[in-house]
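*Asks:* If you scroll down you'll find the structure; I have some questions about it.
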Amino acid sequence: MSSKIEQENPSQDRILVVDDELDVNISLHMVLETNGFKVDSYSDPREVLQNFRPGVYGLIILDIKMPHLNGLALYRELKKIDHNAKICFLTAGEMFYGDYSDIFNSVGADGFMRKPIENQKLVERVRKIISS
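Add 845 to a position in the sequence shown, counting from 1, and you land on the number used in this note's numbering.
Shown next as structure tokens:
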């Protein structure tokens, strides 16, 4: 699932989701869209780098473990392009309390969420991060 990222005015209600697991990607896309967000979804982080433009998204949600380019490396590349981008990591539960929680804080991530996440909690967390 992918869509072309186009230059436009910054939009707080526009979300970029990057997760290589198609079922997770589709689920996040549907839940966020149903709750009034405009969503662009990618399963390949390399495509994001080819198409990303600064100032388009209110929030970027990144999976950590992805082929070709992991979420932390993608985070660093996106921050080079748009240092003001709000980025939240999404990770499997078993990874959440391990080494990654310290890394999330050290790189200055705007948030992190654990998979699986209930739909309402996802929406609440997204709104909280966007408004911060």
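A virtual CB, placed ideally from N, CA and C, is assigned to each residue, including glycine.
When you compare each of Ser-977, Val-862 and Asp-865 to Asn-811 by their alpha carbons, which one comes out closest?
*Replies:* In the structure displayed, the chain extends from 846 to 977; residue 811 sits before or after that span and is not available.
*Asks:* With a threshold of 16 other CB atoms inside 10 Å of the CB of Ser-886, please say whether the residue is buried or exposed.
*Replies:* Residue 886 sits at position 41 when you count from the first residue of the sequence shown. Buried.
*Asks:* Asp-955 and Ile-932 look like a contact to me (Cβ under 8 Å); what is the Cβ gap, rounded to whole Å?
*Replies:* In the sequence shown, residue 955 corresponds to position 110, counting from 1. In the sequence shown, residue 932 corresponds to position 87, counting from 1. Between Ile-932 and Asp-955 the Cβ distance is about 6 Å, and since that is below 8 Å, they are a contact.
*Asks:* Rounded to a whole number of angstroms, what is the C-alpha to C-alpha distance between Leu-877 and Ile-860?
*Replies:* One-based indexing of the sequence shown puts residue 877 at position 32. One-based indexing of the sequence shown puts residue 860 at position 15. Roughly 8 Å separates the two Cα atoms.
*Asks:* Run through DSSP, which three-state label would Ala-937 get?
*Replies:* Residue mapping note: residue 937 aligns to position 92 of the sequence shown, counting from 1. Of the three classes helix, strand and coil, the one that applies to Ala-937 here is strand, per DSSP.
*Asks:* With distances taken Cα to Cα, identify the nearest neighbour of Phe-934 among Ser-856, Phe-957 and Ile-962.
*Replies:* As a position in the sequence shown, residue 934 is number 89, starting the count at 1. The residue with the shortest Cα to Cα distance from Phe-934 is Phe-957.
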